[in-house]
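Single-structure report; data block below.
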Amino acid sequence: MPSILPEGDPAPDDGRLPAHVARRVREAESAGAPRTFSLYVHVPFCEVRCGYCDFNTYTAEDLGPGASRSSYAGTVTGELDFAAGVLAASGVPARQLETVFFGGGTPTLLPAADLVGILGRAREVFGLAPGAEVTTEANPDSVTARSLAELAAGGFTRVSFGMQSAVPHVLATLDRTHRPENVPSAVGWARDAGLEVSLDLIYGTPGESLEDWRTTVEAALALRPDHVSAYSLIVEEGTKFGSSVKRGVQADVDPDDQADKYLLAERLLAEAGYRWYEISNWALDPQDEGMHRARHNMAYWRDQDWWGAGPGAHSHLAGVRFWNAKHPAAYAQRLATGVSPSVGREEPDAEARFLERVMLGVRLSEGLETSVLDVAPDGGAQARGEIAAMIAEGLLDGRAALAGRIIPTLQGRLLDDAIVRRLAGF
Amino acid sequence: MSPMAIHAPVPAATDPAVIRNFCIIAHIDHGKSTLADRMLQSTGVVQPRDMKAQYLDRMDIERERGITIKSQAVRMPWNVDGADYALNMIDTPGHVDFTYEVSRSLAACEGAILLVDAAQGIEAQTLANLYLAMENDLTIIPVLNKIDLPSAEPEKYAAEIAGLIGCDPDDVLRVSGKTGVGVEALLDRVVAEIPAPQGNTDGPARAMIFDSVYDTYRGVVTYVRVVDGRLSPREKITMMSTGATHELLEIGVSSPEPIPSKGLAVGEVGYLITGVKDVRQSKVGDTVTSAAKPATERIGGYEDPKPMVFSGLYPIDGSDYPVLRDALDKLKLNDAALVYEPETSVALGFGFRVGFLGLLHLEIIRERLEREFDLALISTAPNVVYEVTREDGQVITVTNPSEFPEGKINEVREPMASITIIVPSEFIGAVMELCQGKRGQMRGMDYLSEERVEIRYWIPLAEIIFDFFDQLKSRTKGYASLEWKTDGDQVADLVKVDILLQGEQVDAFSSITHKDNAYSYGVMMTGKLKELIPRQQYEVPIQAAIGSRIIARENIRAIRKDVLSKCYGGDISRKRKLLEKQKEGKKRMKMVGRVEVPQEAFIAALSSEGAGSETGAKK
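As given, the protein sequences belong to chains S and V, one line each in that order. Heads up: the first sequence is residues 1 to 426, going by my numbering. Heads up: the second sequence is residues 1001 to 1619, going by my numbering.
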């Protein structure tokens, strides 16, 4: 996740949540549409800082007391205990975890035993729902057959590899250290361990040709992963890449080129039986049964609840968003002194919540139910006019709209932010 | 050395023989105000403790820019050889935009001090005013100022001045307004050389208005020079141009603060207050007479101020429109040359089409609106006034490109200007190339000295109101000085170029140009807008057109990708805030048809094209 924290209100030292969080959770449950609960665990370590990456991650092994690679598992399990205490004290009913996701950074820089240990503590503290999805991100170079088997044995069900590209010069521009030939073996080990496999790809890197991109997608498909994520490269301010672009020593990304590559990816993936279910995500699902989707990420887009553990991690509970101290040392220090690691919090008002619902919902192939628009001050009249216009312009699926869902077409997916703005009335 | 006056002559009871009326002709930064300050001190009318720099320049902008916009008159006593004199120094505006005001100030004088910077020599503007003064038969006292400067070359410039006015170089006085050297000798020369005023003491009163200033507390203060007869307090006076009659509430002299007197007699210079609130009721150049015993003939030379340059002024925040209207109403009280009327632009909303005497006038008004009334404004590219004759013989006066008639046109007349450029001779080629490129016709060239040359052109006014002065300065390394005055008109091959966004005309960008320049304007503007307008969901053609004929075209390609590829748990707050920011930004978008144009694009497109140059003002 991006390392820059949003502006918000200060969070209380005891982490206590407002009373309405508990009330909303209970109300949803009694209405028969319970809010699901997930856990995200951030692991802020990497071997190398990639030039394009603005995530909250560090290459040093030791970032201070409780923030070294070796002590980190202990620190973050401390937060799980703390979280359980906060939820209980705030009156939020206990819920089992539907999904767990280890992201980074490079979680697999920690010994598999550490990851399994953290998951074990989560199981003890919250409980894992039957069939829970447990994913870790991994660098193809930072896993072995043995470590993957150990993860699977410890309860992990899924691994998401940062493959990024199959083309060496593109990987070099991205500062990725792994060798493309390591990906197939890593995928093979994961399969042998019984893990579902997802591959992350990046397109639109300066210097990457359309053919390079085709090579990458085809290389990924040749491994027959269960899931593919493809992200356009974003030049973020404050990254090495961003400042090179600013200084003019590095070509900027070209949005038209990225659009071409998105269309190519969609075509190649669809032909191979992968279905898009979110702007940047495709699942191997030839029969359209909703197979292999990343359930953890679906929870974000469906506006469900999750606790984010680790430095800079964000949480969301029934309309309240809060986030932890960014630096691992500051984060560990707070936990060590019994202070909530959360430093900022916000409660988006009704208008902002509406905007969130719209911007998350229209990213999905399941779309956004049109009834969400009814909360607009005009009862959604203006948004309905826009929907009609956008159907005519080919941005929204007309059949789906008649059935009460707002679903972007392929062209609409590329202009999704424009759809959001128009639905939100600006 | 002359002492200060012992018995200062009393207003209304002063023998014309001891009156000397003079003005100072100087280039903008040649030190006129400093010299005037020094005279106020030397004659004792301002005590040293009350002295402030540039005492006579009342407005902040004048003091900051060193430009005298409104002239005033100061009465100073002076004693030469035991005789007391009354010196009236009439301060003239230094800028060509105010040529008419200068001419009226000169008409109130018998003599002029020609003040030239000893380090820079005479400039075009000074030359122009010098010609005006000599044509009015004023006695000229040549003076070199700033002789204390290390870079001063008094010998060289004394010779130049002597060559211009036909005197001996030794007759050119040398002073320093800064140190005061030579100032008393100069005052003595004024007494000795400038003729006393003459007039009919017993005839019907006739006084010429040479300035008119609005004062918040007193209403309009009118400055006059009495030519015949006398004016007295409480008497009824008539403005001869309109026949309007007012009561003289107060009459007096400035010394330099206003001092009421028992009237003003022949040859005297002073002020009148009648209680009117608008300078338009007390116009520069008009003749004031006594209502009881009126004169029959006006003093010659009266003209109505005529705006030469028009520009649309729009508040950036549309809700400021009433503030702009009130502000213009207020400025108008003090500026007879300011004219305006409401105007609506599709792109810019509600605003005013404002007429100015020239570019500097435009800039001063704009700056005052922004500074004194806290307004943020967009001004459209300035244009001149065209006379368009349609096929059916109907003549249309066009002050705004949008008024340019459609359909067949018999002829278009454009206003012309005579310009004088003084420049070191090495730049003759560069200046000629510039003027030729601006459709100028050469009218003559004279060497002022071996190194300096005066070049005269007859040139369309429209060609010099944009960036002409900037270009002139850059091509002459800053050495050129420019003077211009309007001079007739000519038939020209002019067309209106419209700019269209997706087929919708953007009125703010329409321009009337010579046919030969239409293409380059179209290419420039369409190219600029292509850079300034963000890509939209649709392809947006930007066209430049003359009537229905497209002369230039650019395309803003449709945006193909407008989506953030990653939106996970930690991205949600940030992404939402980004959208909220876009929502705010949307309020600053103007819609042209269905094309969203950021306000900044209008400002950027208009400002670099607009009134960037200022002719000779100090910054």
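Glycine residues also receive a C-beta, built at the ideal position from the N, C-alpha and C atoms.
Cutoff 9 Å: Phe45 of chain S Cβ touching any chain V Cβ = Walking along the first sequence from the start, residue 45 of chain S turns up at place 45. Chain V contact via Cβ: absent.
Tell me the DSSP bridge mates of Tyr1085 of chain V?
-> Residue 1085 of chain V sits at position 85 when you count from the first residue of the second sequence. V:Trp1078.
According to the neighbour-count rule (16 or more other Cβ atoms, all chains shown, within 10 Å of its Cβ), is Asp1392 of chain V buried or exposed?
-> Here residue 1392 of chain V refers to the residue found at position 392 when the second sequence is read from its first residue. Label assigned to Asp1392 of chain V: exposed.
For Glu1235 of chain V, which residues from the same chain have a beta carbon less than 8 Å from its beta carbon, with the 5 sequence-adjacent residues on both sides left out?
-> Looking up residue 1235 of chain V in the second sequence gives position 235. Setting aside the 5 residues that flank it on each side, Glu1235 of chain V is surrounded in the same chain by Glu1247, Leu1248, Ser1290, Ala1291 and Ala1292, each with a C-beta closer than 8 Å to its C-beta; the list follows chain order.
Which stretch, first to last residue, makes up the alpha helix (DSSP H) that contains Ile1396 of chain V?
-> For the purposes of this step, residue 1396 of chain V is identified with residue 396 of the second sequence, where counting begins at 1. Taken as a continuous stretch (DSSP letters only), Ile1396 of chain V belongs to no alpha helix (DSSP H), being part of the beta strand (DSSP E) at Val1395 to Val1398.
Test item: CB-CB of Leu17 of chain S and Val343 of chain S under 9 Å = Within the first sequence, residue 17 of chain S is the residue found at index 17, counting from 1. Within the first sequence, residue 343 of chain S is the residue found at index 343, counting from 1. The answer is no: Cβ separation not under 9 Å.
Rank V:Tyr1302, V:Thr1274 and V:Asn1145 by C-alpha distance to the C-alpha of Ile1028 of chain V and give the top, closest one.
-> Residue 1028 of chain V sits at position 28 when you count from the first residue of the second sequence. Nearest option by C-alpha distance: V:Asn1145.
Arg1206 of chain V - partner residues in DSSP beta bridges = Stepping through the second sequence from its first residue, residue 1206 of chain V is reached at position 206. DSSP, once it has assigned bridges, lists V:Asp1228 and V:Thr1289 as partnering Arg1206 of chain V.
Note the first and the last residue of the continuous alpha helix (DSSP H) segment covering Tyr262 of chain S.
-> Residue numbering aside, residue 262 of chain S sits at position 262 when the first sequence is read from its first letter. That run of the alpha helix (DSSP H) goes Pro255 to Glu271.
Evaluate His1030 of chain V with the Cβ neighbour count: other Cβ atoms within 10 Å of its Cβ, from every protein chain shown; 16 or more gives buried, anything less gives exposed.
-> As a first step, residue 1030 of chain V must be located in the second sequence, where it is residue number 30. His1030 of chain V should be labelled buried.
Residues from the stretch 1542-1575 of chain V in contact with chain S, defined by Cβ distance under 9 Å | Cβ contacts with chain S come from Arg1557, Ile1559, Arg1560, Lys1561, Asp1562, Val1563, Leu1564, Ser1565, Lys1566, Cys1567, Tyr1568, Gly1569, Gly1570, Asp1571, Ile1572, Ser1573, Arg1574 and Lys1575.
Look up Lys1306 of chain V in the DSSP assignment and say whether it is helix, strand or coil.
-> Here residue 1306 of chain V is taken as the residue at index 306 of the second sequence, counted from 1. Coil at Lys1306 of chain V, not helix or strand.
Are the Cβ atoms of Ile1141 of chain V and Met1134 of chain V separated by less than 9 Å?
-> Reading the second sequence from its first residue, position 141 is the one you call residue 1141 of chain V. Reading the second sequence from its first residue, position 134 is the one you call residue 1134 of chain V. Cβ distance not < 9 Å, so Ile1141 of chain V and Met1134 of chain V don't count as in contact.
For my contact list, Gly1219 of chain V and Lys1277 of chain V are in at a C-beta cut-off of 8 Å; report their separation, rounded to the angstrom.
-> Working through the second sequence from its first residue, we reach residue 1219 of chain V at position 219. Working through the second sequence from its first residue, we reach residue 1277 of chain V at position 277. With 8 Å as the limit, Gly1219 of chain V and Lys1277 of chain V qualify as a contact, their Cβ atoms being about 5 Å apart.
Mind checking Met1591 of chain V: buried by the 16 CB within 10 Å criterion, or exposed?
-> Here residue 1591 of chain V refers to the residue found at position 591 when the second sequence is read from its first residue. Answer is exposed; the Cβ neighbour count stays below 16.
In the DSSP assignment, find the alpha helix (DSSP H) that holds Thr135 of chain S and state where it starts and stops.
-> Numbered from its first residue, the first sequence carries residue 135 of chain S at position 135. Element bounds for Thr135 of chain S: not the alpha helix (DSSP H) but the beta strand (DSSP E), Leu128 to Ala138.
DSSP state of Arg1065 of chain V mapped onto helix, strand, coil = Position 65 of the second sequence, counting from 1, holds the residue named residue 1065 of chain V. Unreliable placement is indicated for Arg1065 of chain V, whose pLDDT of 49 sits below 50; the coordinate value is still reported in the next sentence. Arg1065 of chain V: helix per DSSP, three-state reduction.
Which of helix, strand or coil DSSP assigns to Val358 of chain S = As a first step, residue 358 of chain S is located in the first sequence; it is residue number 358 there, counting from the start. The answer is helix: DSSP assigns Val358 of chain S an H, G or I state.
What are the complete beta strand (DSSP E) segments, minimum 3 residues, inside the stretch 1517-1567 of chain V?
-> 1540-1546 and 1549-1556
Just mark Tyr1100 of chain V as buried or exposed, buried being the case when its beta carbon has 16 or more other beta carbons within 10 Å.
-> Position 100 of the second sequence holds residue 1100 of chain V. Buried, because 16 or more other Cβ atoms sit within 10 Å of the Cβ of Tyr1100 of chain V.
Supposed contact pair Glu61 of chain S and Gly103 of chain S - C-beta distance, whole angstroms, cut 8 Å | Against the first sequence, residue 103 of chain S aligns to sequence position 103. Against the first sequence, residue 61 of chain S aligns to sequence position 61. About 19 Å; that fails the 8 Å criterion.
Taking 9 Å as the cut-off, decide whether the C-beta atoms of Asp114 of chain S and Tyr58 of chain S are in contact.
-> Here residue 114 of chain S refers to the residue found at position 114 of the first sequence. Here residue 58 of chain S refers to the residue found at position 58 of the first sequence. No, they are not a contact pair.
Give the secondary structure of Lys1070 of chain V by DSSP, where H, G and I count as helix, E and B as strand, and everything else as coil.
-> By 1-based counting over the second sequence, the position of residue 1070 of chain V is 70. Low confidence applies here, because Lys1070 of chain V scores a pLDDT of 48, under 50, leaving its location unreliable and the question unanswered by this model.
Presumed contact (8 Å Cβ cut-off) between Ala1626 of chain V and Trp1484 of chain V, rounded CB distance | Coverage of chain V is limited to positions 1001 through 1619, which leaves residue 1626 of chain V absent and any answer about it impossible.
State the Cα-Cα distance for the pair Ala259 of chain S and Ala265 of chain S, rounded to the nearest angstrom.
-> If you number the first sequence from 1, residue 259 of chain S lands on position 259. If you number the first sequence from 1, residue 265 of chain S lands on position 265. When the Cα atoms are used, Ala259 of chain S and Ala265 of chain S turn out to be separated by approximately 10 Å.
Under 8 Å Cβ-Cβ, which residues of chain S neighbour Leu1579 of chain V?
-> On the second sequence, position 579 is the one that residue 1579 of chain V refers to. Those within 8 Å of Leu1579 of chain V in chain S are Leu355, Met359, Asp417, Val420, Arg421 and Ala424.
How would you list, in chain order, the residues of chain S whose beta-carbon sits under 7 Å from the beta-carbon of Gln1599 of chain V?
-> To locate residue 1599 of chain V, count along the second sequence from 1; it is residue 599. Here the premise fails: no neighbours, minimum Cβ distance about 16 Å.
Over what stretch of residues does the beta strand (DSSP E) that includes Arg345 of chain S continue unbroken?
-> Reading the first sequence from its first residue, position 345 is the one you call residue 345 of chain S. Where Arg345 of chain S is concerned, the enclosing beta strand (DSSP E) starts and stops at Ser342 to Glu346.
Where does Asp257 of chain S land, buried or exposed, given buried means 16+ other C-beta within 10 angstroms?
-> Reading the first sequence from its first residue, position 257 is the one you call residue 257 of chain S. Asp257 of chain S comes out buried.
Does Ile407 of chain S get closer than 9 Å to chain V when you measure Cβ to Cβ?
-> As a position in the first sequence, residue 407 of chain S is number 407, starting the count at 1. No - not a single Cβ of chain V is within 9 Å of the one on Ile407 of chain S.
Trp306 of chain S touches chain V at which residues, Cβ-Cβ below 8 Å?
-> By one-based count along the first sequence, residue 306 of chain S stands at place 306. Simply Gly1569.
How long is the line joining the alpha carbons of Asp1117 of chain V and Val1412 of chain V, rounded to whole angstroms?
-> Indexing the second sequence from 1 puts residue 1117 of chain V at position 117. Indexing the second sequence from 1 puts residue 1412 of chain V at position 412. Using only the alpha carbons, I get a separation of about 43 Å.
Which partner residues of Met1004 of chain V appear in the DSSP bridge assignment?
-> Within the second sequence, residue 1004 of chain V is the residue found at index 4, counting from 1. Partner(s): none; Met1004 of chain V has no beta bridge.
Quick one: which unbroken alpha helix (DSSP H) runs of 4-plus residues sit fully inside the stretch 1393-1457 of chain V? Chain order, please.
-> List check, alpha helix (DSSP H) in window: 1428-1437.
List the residues that DSSP assigns as beta-bridge partners of Ser1481 of chain V.
-> Mapped onto the second sequence, residue 1481 of chain V falls at position 481. Answer by DSSP bridge pairing, in chain order: V:Ile1422.
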